[in-house]
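Everything below concerns the one structure shown next.
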Amino acid sequence: MIDVLVVGGGPAGLATAIHAALAGMEAVVVEPRPCPVDKACGEGLMPTGAAALADLGVAVPDGVPFRGIRYVDGRHRVQAEFRDGPGLGVRRTALHTALARRARDLGVRVVPGRVDVVRATGEGVRAHVTGGPDPCGPERAHLCDRNLCERDLCGSGLGARWLVAADGLHSPIRAQLGLDLPSGGPRRYGLRRHYRVAPWTDFVEVHWAPGGEAYVTPVGDDMVGVAVLSSERRPYDEHLARFPDLLARLDGPPVTPVRGAGPLRQRVRRRVAGRVLLVGDAAGYVDALTGEGISLALLSARALVGCLRAGRPEEYETAWRRLSRRSRLLTAALVRARRHPPAARMIVPAARRLPAVFGAAVRSLA
1 MIDVLVVGGG PAGLATAIHA ALAGMEAVVV EPRPCPVDKA CGEGLMPTGA AALADLGVAV
61 PDGVPFRGIR YVDGRHRVQA EFRDGPGLGV RRTALHTALA RRARDLGVRV VPGRVDVVRA
121 TGEGVRAHVT GGPDPCGPER AHLCDRNLCE RDLCGSGLGA RWLVAADGLH SPIRAQLGLD
181 LPSGGPRRYG LRRHYRVAPW TDFVEVHWAP GGEAYVTPVG DDMVGVAVLS SERRPYDEHL
241 ARFPDLLARL DGPPVTPVRG AGPLRQRVRR RVAGRVLLVG DAAGYVDALT GEGISLALLS
301 ARALVGCLRA GRPEEYETAW RRLSRRSRLL TAALVRARRH PPAARMIVPA ARRLPAVFGA
361 AVRSLA
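Heads up, the sequence shown is in full-length UniProt numbering, so the first residue is 1 and it goes up one at a time.
Structural data, given as structure tokens:
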């Protein structure tokens, strides 16, 4: 029986599989899409996330360091530097490729397909897999050569001691297990595109305007990613028009299509349900505003595997809450302020008048 079956081969899922392999466990990932997978993402790793990536033994050659966070609203700006090293701006595709390479080198196997049904068994979990190639066809010959057919890697069902749902913001596994909770308040969405222009700063910039924010991350020597966040559903260019100062800097051509995600807020009853554990966006999400999604996913993956290795999976819930607490509280406070125009207009001016408070918040998140 497989030790850890990971549903979803994005950064959270691959990080979980890598940690499991490093802990001496057999890890298998089920993912329907070929690597690398792109998605709407701010693409900035906080310093803790960059350090967690290094702990995995993952090097991303195309990453761009950034030294802090800057808030801008047209008339005001304020910035704070990280205290314990830089963050890392990196294309989602480059990050995915690097994680996939590391997982492969550690012997993690990726099975193409989707998990549509999960059920408990006497000693673990069994997952029904659909949508992949013929499980005993030539595409799977490398598995059969290692006699893994006899160990539940062939056929439409995979058996494992533990199943980790890393299947994204709208996790089908989470929904199947009845772990979703209603999410109150306005729904917020994110859209992202890249521009061929040299970064003008080594800070991640968050631009504020009525109705939304623009999150700018340097991801290459000649490229920036620009994600817009808003509760209003409208085309990307209409959102971007609200930021004339930013728009003036984007004098290079867009080089990637617009990708979207949302609704962003996802409330979850709990992250442990029997032998199924949730990680990454599947574990719950507040908003992309503070840019911590990938960093939190990497840290949570390490905590999850640590709990499994210690034989105390139930402790993962507490570990996840501890790791995400500051991010959840600050992000929720900013999103609440965004709902009220007078309060929203004061966010950047207040941060500018209280630079020590702003700096403490940035360093706390970092």
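Heads up, the beta-carbon is just placed ideally off N, CA and C, and yes, glycines get one too.
CA-CA distance, Pro32 to Arg109, rounds to 13 angstroms.
Its chain contains Ala23 as the residues whose beta carbon lies nearer than 6 angstroms to that of Arg309, once the 5 sequence neighbours on both sides are disregarded; these appear in chain order. Shortest Cα-Cα distance from Ala283 to any of Asp38, Gly291, Arg270 involves Arg270. In the DSSP annotation of this structure, the continuous segment of the alpha helix (DSSP H) that includes Met346 starts and ends at 341-353.
Its chain contains Thr93, His96, Thr97 as the residues whose beta carbon lies nearer than 6 angstroms to that of Pro36, once the 5 sequence neighbours on both sides are disregarded; these appear in chain order. Here Val28 is bridged, per DSSP, to Leu5, Arg109.
Taking the Cβ atoms as the reference, Gly8 lies roughly 6 angstroms from Gly168, within the contact range of under 8 angstroms. Around the beta carbon of His194, a 10 Å sphere encloses 16 or more other beta carbons of the protein chains shown; the residue is thus reported as buried. In this structure, the beta-carbon distance from Ala288 to Ala227 falls below 9 angstroms. Look at Arg259 here: in three-state DSSP terms it is strand. Only exposed fits Asp251, as fewer than 16 other CB atoms lie within 10 angstroms of its CB. Less than 9 angstroms separates the beta-carbon of Ala27 from that of Val6. The way I'd put it, the stretch 175-192 does touch the stretch 258-276; three or more beta-carbon pairs between them come closer than 8 angstroms.
Shown here, Thr130 sits in a strand according to DSSP, grouped into three states.
The beta carbons of Val111 and Val129 sit about 7 angstroms from each other, so the pair counts as a contact at 8 angstroms.
Excluding five sequence positions before and after Arg336, none of the CB atoms of its chain fall closer than 6 angstroms to its own CB. Assignment of Asp116 by DSSP, reduced to helix, strand and coil, places it in the strand class. Considered as a whole, the stretch 231-311 harbours 236-240, 244-249, 293-309 as its complete alpha helix (DSSP H) runs of no fewer than 4 residues, in chain order. A check of alpha carbon separations from Pro244 across Pro11, Asp3, Asp73 identifies Asp73 as the nearest. Distance from the CA atom of Ala198 to the CA atom of Gly42, rounded to whole angstroms, is 17 angstroms.
Cβ atoms of Ala15 and Leu298 come within 8 angstroms of each other, at about 5 angstroms. The stretch 59-74 makes contact with the stretch 213-221: 3 or more CB pairs, one atom from each, lie closer than 8 angstroms. In the DSSP assignment, Asp38 is bridged to no other residue. Closest option to Leu229, judged by alpha-carbon separation, among Arg242, Glu213, Gly13: Glu213.
Rounded to whole angstroms, the separation of the alpha carbons of Ala21 and Gly107 is 7 angstroms. Look at Leu177 here: in three-state DSSP terms it is coil, with no helix or strand label. By the Cβ neighbour-count rule, Ala120 is exposed, with fewer than 16 other Cβ atoms within 10 Å of its own. Boundaries cannot be given for Leu56, as no beta strand (DSSP E) includes it and DSSP labels it neither H nor E. Each residue's CA atom was taken as its position, placing Arg233 and Trp200 some 29 angstroms apart. Pro186 sits in coil when the DSSP states are folded into three classes, being neither helix nor strand.
DSSP places Leu329 within a helical segment (H, G or I) once states are collapsed to three.
Under DSSP, Tyr215 takes part in a beta bridge, and its partners are Val206, Ala227.
Take the alpha-carbon of Val118 and the one of Gly89: they are about 36 angstroms apart.
Less than 9 angstroms separates the beta-carbon of Ser364 from that of Arg326. Counting C-beta atoms within 10 angstroms of its own C-beta, Leu329 has fewer than 16 neighbours from the protein chains shown and is therefore classed as exposed.
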